[in-house]
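Residue numbers (my numbering), protein chains in the order written: chain X, 2 to 252; chain Z, -3 to 306. The beta-carbon is built from N, C-alpha and C at its ideal position, and this holds for glycine as well. One structure is given below, encoded as structure tokens.
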């Protein structure tokens, strides 16, 4: 386990060595900050049937920023090591393949969590200035952030897998962006195709991140997305591990 | 320290190394020579567990590189060709990280990193970003990394490539010093370096071992086949015929340089022909300005072995 934490600490530090991390942080805060401001101003003008917190986590701005960050976080994970050749000193040190794969994944997850932490401040500031809570219940905050964590874990594992397939970061980014966007829009099919049968719609609804977020951000902690995303994450990490091992036979 | 048995590596349709067998004993400095693409790096990458062989076995410090890969890697310091490093880390950070990763105990890391920085002359750049270092310093960081966990064995893939002559001399002296405590396998293109540092040499060509011996023995084998140079003013045109009459001379060729005639003679193995040439020259009253045996260098051995047609 010591090796794993040594690797993990380098992965985490390596995010903050590169300017990309700060650009992603700033870009992300700008978009989510604008989202929050926009929702609050909108609600100032008319009465709506949802809370600030629900509005924030279900808006178009939110999802736009959301799907865009994963390729940026994950594209360099393996691709950069392959390109620079640093994979060679790394893998000739006494470390196991799974330690490397998991340290990279959890390093990305750590950065992802850091990315979201400042958004908590939005609600704190709101409550302080508006003298009323931004959500209907504590469970609503919990549900929203749980959904963000679950979906993030899954999408990061897709990005991890895309990065292990190539030594070109741009290619890795395109693969993960295309996959994540397709998966995400699968949940929108029920809105677009009105003539599909109700069973198909219901089935697609189970995979729709938007619908799941709708449920969880109301504070209804549904276990189905938990099972879905955790198992999909494990599956993608297994693929990543297999692809990472197979590099030896391709060399 | 290293034991290689029937090691073979095939890439898609191409044999990179073909049935290699060799051993490197404790305390030896083994030089690995061969033209580009001969299979040197492939062999070193297999020995360092970076890629698996297609067939055959190898062990490092008594550990099979396939079955006991982690232990083998823990006993080995490897410096890859071109020394890939994380450019966004500082020298200190990088060496601390590598020491910890290679299992140096926490309380010994500072001491070990300090030692290798001293040894490799990295003190003055310890706080610099690796990306800003010159090629020579990068090479030293790579070497420090290979040494930081006190491995029994060092595998260095072209440790002096891309360095200037002063840096080459520094690295060579460093390797020589390291050879007192470590077993070293190093590959290089710079042949005088091998003559000066290595206790044994393997010459590899197209994936096969063509020669494996001490540099002295390789040179002795060559010297028998090398020739003698005579530069003289003979005043005749039949110098070549006269020289050919000397017992043991196989072949004579002639070139001229102004008034001077330059004969190059090839003698049969282990025959000393120079006294006879001198006698002939003094009988015929030739003016001699040079009579010398051309000493073979490892370069001749290398060229002869790797380009038999030339």
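Within chain Z, partners of residue i - CB distance below 8 Å
i           : result
residue 7/X : 93, 96 and 97
Within chain Z, partners of residue i - CB distance below 7 Å
i             : result
residue 261/X : No information on residue 261/X is available, as it lies outside the stretch 2 to 252 that chain X covers here.
residue 11/X  : 93
residue 4/X   : 97
Euclidean distance between Cα positions of residue i and residue j
i             : j             : result
residue 165/X : residue 180/X : 15 Å
residue 24/X  : residue 178/X : 18 Å
residue 97/X  : residue 109/X : 19 Å
residue 30/Z  : residue 302/Z : 7 Å
residue 149/Z : residue 207/Z : 22 Å
residue 11/X  : residue 93/Z  : 8 Å
residue 88/X  : residue 120/X : 35 Å
residue 125/Z : residue 90/Z  : 10 Å
residue 148/X : residue 139/X : 14 Å
residue 22/X  : residue 68/X  : 16 Å
residue 62/Z  : residue 86/X  : 22 Å
residue 297/Z : residue 198/Z : 11 Å
residue 311/Z : residue 294/Z : Look at the range of chain Z in this structure, -3 to 306, and you will see that residue 311/Z is not part of it.
residue 21/Z  : residue 8/Z   : 33 Å
residue 152/Z : residue 105/Z : 23 Å
residue 201/Z : residue 164/Z : 25 Å
residue 244/X : residue 82/X  : 15 Å
residue 286/Z : residue 238/Z : 18 Å
residue 11/Z  : residue 204/Z : 10 Å
residue 122/Z : residue 101/Z : 21 Å
residue 83/Z  : residue 192/X : 48 Å
residue 16/X  : residue 29/X  : 15 Å
residue 186/Z : residue 247/Z : 31 Å
residue 222/X : residue 78/Z  : 53 Å
residue 225/X : residue 173/X : 30 Å
Chain-ordered chain X contacts of residue i [CB-CB under 9 Å]
i             : result
residue 140/Z : Simply none; closest approach about 12 Å.
Short Cβ contact (7 Å threshold) for residue i with residue j
i             : j             : result
residue 72/Z  : residue 56/Z  : yes
residue 175/Z : residue 25/Z  : yes
residue 154/Z : residue 184/Z : yes
residue 140/Z : residue 99/Z  : no
residue 225/Z : residue 245/Z : no
residue 142/Z : residue 75/Z  : yes
residue 4/Z   : residue 50/Z  : yes
residue 102/X : residue 241/X : yes
residue 137/X : residue 52/X  : yes
residue 158/X : residue 8/X   : no
residue 131/Z : residue 158/Z : yes
residue 167/Z : residue 156/Z : yes
residue 237/X : residue 170/X : no
residue 33/Z  : residue 13/Z  : no
residue 144/Z : residue 190/Z : no
residue 95/Z  : residue 108/Z : yes
residue 15/Z  : residue 1/Z   : no
residue 161/X : residue 207/X : no
residue 95/X  : residue 81/Z  : no
residue 112/X : residue 74/X  : yes
residue 190/X : residue 205/X : yes
Contacting residues, own chain, Cβ-Cβ under 7 Å from residue i (five flanking each side not counted)
i             : result
residue 282/Z : 228, 229 and 230
residue 210/X : 152, 185 and 188
residue 306/Z : In this predicted model, residue 306/Z has a pLDDT of only 44, less than 50, meaning its place in the structure is not dependable enough to derive any value.
residue 246/X : 98
residue 223/Z : 260, 261, 262, 263 and 290
residue 58/X  : 145, 214 and 218
Chain-ordered neighbours of residue i on chain X, where CB pairs are closer than 7 Å
i            : result
residue 84/Z : 15, 18 and 19
Chain Z contact residues for residue i, given Cβ-Cβ distances below 9 Å
i            : result
residue 85/X : 80, 81, 82 and 83
Residues of its chain near residue i, where Cβ-Cβ distance is below 6 Å and the 5 sequence neighbours each way are ignored
i             : result
residue 200/X : none
residue 79/X  : 164 and 165
residue 19/Z  : -1
residue 54/X  : 135, 136 and 141
residue 272/Z : 242
Same chain only: Cβ atoms within 8 Å of residue i, ignoring 5 sequence neighbours per side
i             : result
residue 230/X : 151, 152, 154 and 155
residue 68/Z  : 45, 55, 56, 57, 59, 60 and 61
residue 62/X  : 32, 33, 35, 36 and 39
residue 210/Z : 195, 196 and 197
residue 182/X : 68
Any non-hydrogen atom of the ligand GDP closer than 6 Å to residue i Cβ
i             : result
residue 298/Z : Absent from the structure shown: the ligand GDP. Ligands present: none.
Residues of the stretch 92 to 124 of chain X with Cβ closer than 8 Å to any Cβ of chain Z, in chain order:
Taking 8 Å as the Cβ-Cβ cut-off against chain Z, the residues of the stretch 92 to 124 of chain X that qualify are 92, 93, 94, 95, 96 and 97.
Closer than 7 Å, Cβ to Cβ, to anything on chain X: give me those residues from the stretch 61 to 76 of chain Z, in chain order.
Result list: 66, 69, 70, 74 and 76.
Identify each residue in the stretch 146 to 168 of chain X for which the Cβ-Cβ distance to at least one residue of chain Z is less than 7 Å, and report them in chain order.
Against chain Z - using a Cβ distance shorter than 7 Å - the stretch 146 to 168 of chain X contributes no residues.
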